[in-house]
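The structure appears right after this line, and notes come after that.
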Amino acid sequence: MKLEKPFISGLALFGGLLFLSPALYSIWLSFQTADAYYAGGLEFTLDNYGRAVGHYHFARYLLNSVIVSGIVTLGGITMATLAAYAFARFRFVGSDLLFGATVATLMIPSHISLIPNYLTLADAGLLDSYAGLILPALASAFATFFLRQYIRGIPRSLDEAAYMDGASSIQVLWRVIVPLSKPAILSMALYIFIGEWNSYIWPLVAIGKSDLYTLQIGLARLYRINPGEDLIDWPLVMAASTISILPVLLGFALVERHLVRGITMGAVK
Amino acid sequence: MLRKLSPYLYVLPILSFIAVFTYIPIATSINLSFREWDFLSSTKPFVGFDNYKLLLSSTEFWNSVKVTAIFAVISVPIRLALALVLASLLTSEKFASRMLRGAFFLPSVTSTVSIAVVFSWIFATDYGTANAIITAFGAEKVPWMQDPNLALFVIILVNTWKQIGYDIVIYIAGLQAIPTELYDAAAVDGGRRFHVFRRVTMPLVMPTTYFLLVISVIEAFQVFTIVNVMTDGGPANATDMIVNMLYRVGFTLFDIGTGSALAVMLFILLIALSLIKSRVLGRRVHYEA
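First to last, the sequence lines map onto chains A and B. The first sequence begins at 337 in the working numbering and counts up by one. The second sequence begins at 30 in the working numbering and counts up by one.
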């Protein structure tokens, strides 16, 4: 109602750009040469990206982040969907207790498990490995809770029709529930992916070998132990930073669309 | 038979991971908090409450409590007030308002490390953007991150920038739930815009405000990445928030007992806050239903 006149729209556009200007300006800087920047001039180059990807191993970090976040997303969404289905559709001995125990973990701050998980993985010999990064991140209580609520909204008569046709419970999940929950599953998968992509404290303690750095660790290290001693090579750092945020920005564009679709589907029902 | 068992098979994977990586660690942390250990030695002697006593009598611990409290007391009201004002301007589904909402929300899904690195550059003393702007107006360069009195405010600013979009989205959901008849009634009564905001909007989004208040206080006690990347707790421990201290004690000093004691205390505090949240919010919801 308030934001309809062109002037107001222009103001909104300006406000949004101003708000995001630190990020936009950092991307702009990533295409400049350091020498010109420090001399107060302006000169464009792609060299920062070349050096970040090549000499500073960001191609490897990108690969590590893709592998770790990808597996965490696939494994996490699979386990969450299975559990959500069981909690939404079956009453079994202890089901309320087990659901309560799952949801209660949302209240438990993750730092309490930092030292113990480090010890667990050290005992298992899994520090400095992909498994060490992946295993503690797999269980998503939020996705389980969200999907359980969503599945409860799907009419049970659809399940029953499938059971009449002789389907087993796993077939009902795969043929009935999953297709109807696609928007919810997709948005939760992206939620898990973004969370894992951006995670910092766990990879920081679990990984020592630079071969296994994720983008976040690589970027923090690049900034902290920068070449050039007292002069930080800001354009290089900003190129690395841009590399580490772009995939999530693409993911975000997807989430928004799917979230909107999920909401409108719910409204039509 | 299989039919009876199958639900257990569906919940087994996630529950095993939750048990191993969430519930058992709580017990481990409590156990380790009563012991002295450095990760390496083969014995872990029981020392009773020594680690807790040591913490409670150390200036370092109280410093990080103080820093975290200042962070919460300053950042939470600013976030909530700003978010409520912005949200009430952005409730419409028009293109401009949706776009602006997207812009505000973007940082909350962006990597915190990237944000911290970008703002480290913005607030760098030499060649930083903030100083470039103020020196253009003839002011002296400010050592933002090296001044113990300023560094925490920079951290608060960066955290607010990152989180405000989430607050706005939650507030918008709260505002959209307010029946429009109430606004119409207030308009008929001749309420002026600010008056309507104070008398109608603010009381009715109270449950949302309360939710965000508790959530953001809990978050304040878990801030780590921004501090770790931007200042590492410095200068002179001026930004040494609790989780940063926990990380230092556990993973750079390898004092597992004290680190665990700190983790347990923080755990109890945050669980208490969460319980308050669900109690009070639960009651609210029932009142309205």
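Glycine included, every Cβ here is placed at the ideal spot set by N, Cα and C. Bear in mind that the values here come from a model prediction, so they are computed numbers and not experimental data.
Reference residue i; option with closest CA among the options
i	options	result
serine 149 of chain B	B:Leu181, B:Ser121 and B:Arg130	B:Leu181
leucine 434 of chain A	B:Val76, B:Leu298, B:Leu38 and B:Ala116	B:Leu38
serine 104 of chain B	B:Val243, B:Pro232, B:Val293 and B:Val278	B:Val243
methionine 128 of chain B	A:Phe355, A:Ser546, A:Trp570 and A:Ala422	A:Phe355
threonine 578 of chain A	A:Thr417, A:Ala416 and A:Tyr361	A:Tyr361
According to DSSP, residues forming a beta bridge with residue i
i	result
glutamine 368 of chain A	A:Phe380
arginine 64 of chain B	B:Phe75
Simplified DSSP state of residue i, which is helix, strand or coil
i	result
proline 264 of chain B	coil
arginine 221 of chain B	coil
asparagine 160 of chain B	helix
alanine 520 of chain A	helix
serine 546 of chain A	helix
tyrosine 536 of chain A	coil
glutamate 169 of chain B	coil
threonine 141 of chain B	helix
alanine 503 of chain A	coil
tyrosine 392 of chain A	coil
serine 86 of chain B	coil
isoleucine 122 of chain B	Checking the sequence, you will find glutamate at residue 122 of chain B rather than isoleucine. Looking at glutamate 122 of chain B - three-state DSSP - the assignment turns out to be coil, as it is neither helix nor strand.
leucine 341 of chain A	Note that residue 341 of chain A corresponds to lysine in the displayed sequence, not to leucine. Note: lysine 341 of chain A maps to coil in three-state DSSP.
leucine 282 of chain B	coil
glycine 329 of chain A	Nothing can be reported for residue 329 of chain A: it is not among the residues displayed for chain A, which extend from 337 to 605.
C-beta neighbour in chain A for residue i, strict 9 Å
i	result
phenylalanine 133 of chain B	yes
tyrosine 239 of chain B	no
arginine 32 of chain B	yes
tyrosine 200 of chain B	no
serine 303 of chain B	yes
valine 272 of chain B	yes
glycine 288 of chain B	yes
leucine 129 of chain B	yes
valine 323 of chain B	In this structure chain B extends from 30 to 318, so residue 323 of chain B is not present and cannot be described.
glutamine 192 of chain B	no
proline 172 of chain B	no
serine 126 of chain B	yes
Cβ neighbour criterion (16 or more within 10 Å) applied to residue i
i	result
aspartate 269 of chain B	buried
glycine 286 of chain B	buried
isoleucine 107 of chain B	exposed
aspartate 284 of chain B	buried
glutamate 122 of chain B	exposed
lysine 191 of chain B	buried
isoleucine 506 of chain A	exposed
valine 114 of chain B	exposed
glycine 564 of chain A	Below a pLDDT of 50, predicted positions are generally treated as unreliable, and glycine 564 of chain A, at 46, falls in that range; the measurement from the model is reported next regardless. So glycine 564 of chain A ends up on the exposed side.
asparagine 257 of chain B	buried
threonine 164 of chain B	exposed
serine 45 of chain B	exposed
aspartate 371 of chain A	exposed
glutamate 379 of chain A	exposed
Residue i at chain B interface by Cβ criterion, 9 Å
i	result
proline 563 of chain A	Caution applies to proline 563 of chain A, whose pLDDT of 47 falls short of 50 and renders its modelled position unreliable; the value that the coordinates give is listed next. Answer no: the Cβ-Cβ gap between proline 563 of chain A and chain B never drops below 9 Å.
histidine 391 of chain A	no
tyrosine 466 of chain A	no
alanine 348 of chain A	yes
threonine 480 of chain A	yes
arginine 387 of chain A	no
alanine 416 of chain A	yes
threonine 600 of chain A	Note that threonine 600 of chain A scores a pLDDT of 37, beneath 50, so its modelled location is shaky; the value from the coordinates is reported in the next line. So no, threonine 600 of chain A is outside the interface.
leucine 551 of chain A	yes
methionine 337 of chain A	Unreliable placement is indicated for methionine 337 of chain A, whose pLDDT of 45 sits below 50; the coordinate value is still reported in the next sentence. Yes, because at least one Cβ of chain B sits closer than 9 Å to the Cβ of methionine 337 of chain A.
leucine 463 of chain A	no
leucine 548 of chain A	no
serine 577 of chain A	yes
alanine 520 of chain A	no
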